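In what follows, a single structure is set out as structure tokens and then discussed.
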């Protein structure tokens, strides 16, 4: 059972275009994290959103947590080839084990 | 840099042989995790540990066992490797806010 559905699975765009990646669930999470992974490496944390409706910006990347804390989005403005990578969302459930549930990922390719 | 290393980084083994992967951290974190990553599945939790000798199962634990005899080391063992266990394995530690920091991964091929 995929608790977190991420879309689209693949995205190929030209440099300078904008894009949005979605992460949706029927479950409520105490926080939602976004990671970026490059080939041959482990995922690297980009941001954590905690409060429903929260918006965080990281240069050209904008992250939003849904009001009900069930979904999130990542918007990239004026994408660059250096943004190419696998983007993963992950929801933190309540409880002491600090377990993350990961989405299946969005493979982004930005063409020069 | 979260100070996480994994060994080996690559391994090819035959079906039916035992395999042990090692995760080592230098940050004295309590929580450690083992994931596998396969195309179309994202990262799936195999086992995790919340302290020395304290471990629990994750989503895909069948065929895997773990041990943690020291804070810094978390071992993942495939008792009898199968081709379905061909994957990339990642170790992670958890920070104070639940964020996770990953090692560089081990690519395992079972022939």
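Protein chains in written order, with the numbering used here: chain A, 1 to 112; chain B, 1001 to 1111. The C-beta atom is built at its ideal place from N, Cα and C for all residues, glycine as well. Because the structure is a prediction, the values reported are computed rather than measured.
Got a sec, what are the start and stop residues for the beta strand (DSSP E) residue i sits in?
i, result
"residue 4 of chain A", "Note, residue 4 of chain A: premise wrong, no beta strand (DSSP E); not H, not E."
"residue 1041 of chain B", "Careful: residue 1041 of chain B lies outside any beta strand (DSSP E) and carries neither H nor E."
"residue 110 of chain A", "106-111"
"residue 87 of chain A", "85-92"
"residue 1031 of chain B", "Taken as a continuous stretch (DSSP letters only), residue 1031 of chain B belongs to no beta strand (DSSP E), as it is neither H nor E."
"residue 68 of chain A", "Here residue 68 of chain A belongs to no beta strand (DSSP E), and DSSP marks it neither H nor E."
"residue 1025 of chain B", "1019-1025"
"residue 1009 of chain B", "Taken as a continuous stretch (DSSP letters only), residue 1009 of chain B belongs to no beta strand (DSSP E), as it is neither H nor E."
"residue 1073 of chain B", "1073-1078"
"residue 1056 of chain B", "1054-1057"
"residue 1094 of chain B", "1087-1094"
"residue 59 of chain A", "From DSSP, residue 59 of chain A is part of no beta strand (DSSP E); its letter is neither H nor E."
"residue 1110 of chain B", "1106-1110"
Using a cut-off of 8 Å between C-beta atoms, extract the partners of residue i located in chain A.
i, result
"residue 1024 of chain B", "Within chain A, no residue comes near residue 1024 of chain B; the closest Cβ sits about 14 Å away, beyond 8 Å."
"residue 1099 of chain B", "33, 45, 48"
"residue 1021 of chain B", "Within 8 Å Cβ-Cβ: nothing; residue 1021 of chain B doesn't reach chain A, min ~14 Å."
"residue 1076 of chain B", "The contacting residues do not exist; residue 1076 of chain B stays about 15 Å from chain A at best."
Counting C-beta neighbours from all protein chains within 10 Å, is the total for residue i 16 or more, i.e. buried, or is it exposed?
i, result
"residue 1081 of chain B", "buried"
"residue 68 of chain A", "exposed"
"residue 102 of chain A", "buried"
"residue 16 of chain A", "exposed"
"residue 98 of chain A", "buried"
"residue 9 of chain A", "exposed"
"residue 43 of chain A", "buried"
"residue 78 of chain A", "exposed"
"residue 100 of chain A", "buried"
"residue 147 of chain A", "What the structure shows of chain A is the stretch from 1 to 112, and residue 147 of chain A is not part of that stretch, so it cannot be assessed."
"residue 1103 of chain B", "buried"
For residue i, return the contacting residues in chain A, with the cut-off set at a CB-CB distance below 9 Å.
i, result
"residue 1108 of chain B", "The contacting residues do not exist; residue 1108 of chain B stays about 14 Å from chain A at best."
Give the residues of chain E in contact with residue i, contact being defined as C-beta atoms less than 9 Å apart.
i, result
"residue 38 of chain A", "Reference to chain E is not applicable here, since the protein chains of this structure are A and B."
Please compile the residues from chain A whose C-beta is within a distance smaller than 7 Å of the C-beta of residue i.
i, result
"residue 1051 of chain B", "In chain order: nothing, as chain A lies at least about 11 Å away."
"residue 1090 of chain B", "42"
By the criterion of Cβ-Cβ separation under 9 Å, what are the contact partners of residue i in chain B?
i, result
"residue 41 of chain A", "1102, 1104, 1105"
What residues of chain B sit near residue i, judged by a beta carbon separation below 7 Å?
i, result
"residue 105 of chain A", "1042"
"residue 98 of chain A", "1031, 1094, 1098"
"residue 102 of chain A", "1042, 1043"
Kindly list, in the order they appear in chain B, the residues whose Cβ is closer than 8 Å to that of residue i.
i, result
"residue 88 of chain A", "1042, 1043"
"residue 92 of chain A", "1098"
(message) For the pair the stretch 1-11 of chain A and the stretch 19-34 of chain A, tell me if three or more CB-CB distances fall below 8 Å.
(response) yes
(message) Using a Cβ distance threshold of 8 Å, determine whether the stretch 60-76 of chain A contacts the stretch 10-30 of chain A, with at least three qualifying pairs required.
(response) yes
(message) Could you check whether the stretch 1031-1048 of chain B touches the stretch 1066-1074 of chain B, counting it as contact only if at least three pairs of C-beta atoms, one from each stretch, sit closer than 8 Å?
(response) yes
(request) Examine the Cβ distances between the stretch 82-102 of chain A and the stretch 1068-1078 of chain B and report whether three or more of them are shorter than 8 Å. (result) no
(request) Inspect the CB distances between the stretch 1026-1038 of chain B and the stretch 1085-1099 of chain B and report whether three or more fall short of 8 Å. (result) yes
(message) When you compare the stretch 1002-1015 of chain B with the stretch 1098-1109 of chain B, are there three or more beta-carbon pairs, one atom per stretch, that lie closer than 8 Å?
(response) yes
(message) To test your reading of the DSSP string, which unbroken alpha helix (DSSP H) runs of 4 or more residues are found completely within the stretch 6-53 of chain A?
(response) none
(request) Evaluate contact between the stretch 1092-1105 of chain B and the stretch 1017-1033 of chain B, counting only Cβ atoms and requiring at least three cross-stretch pairs below 8 Å. (result) yes
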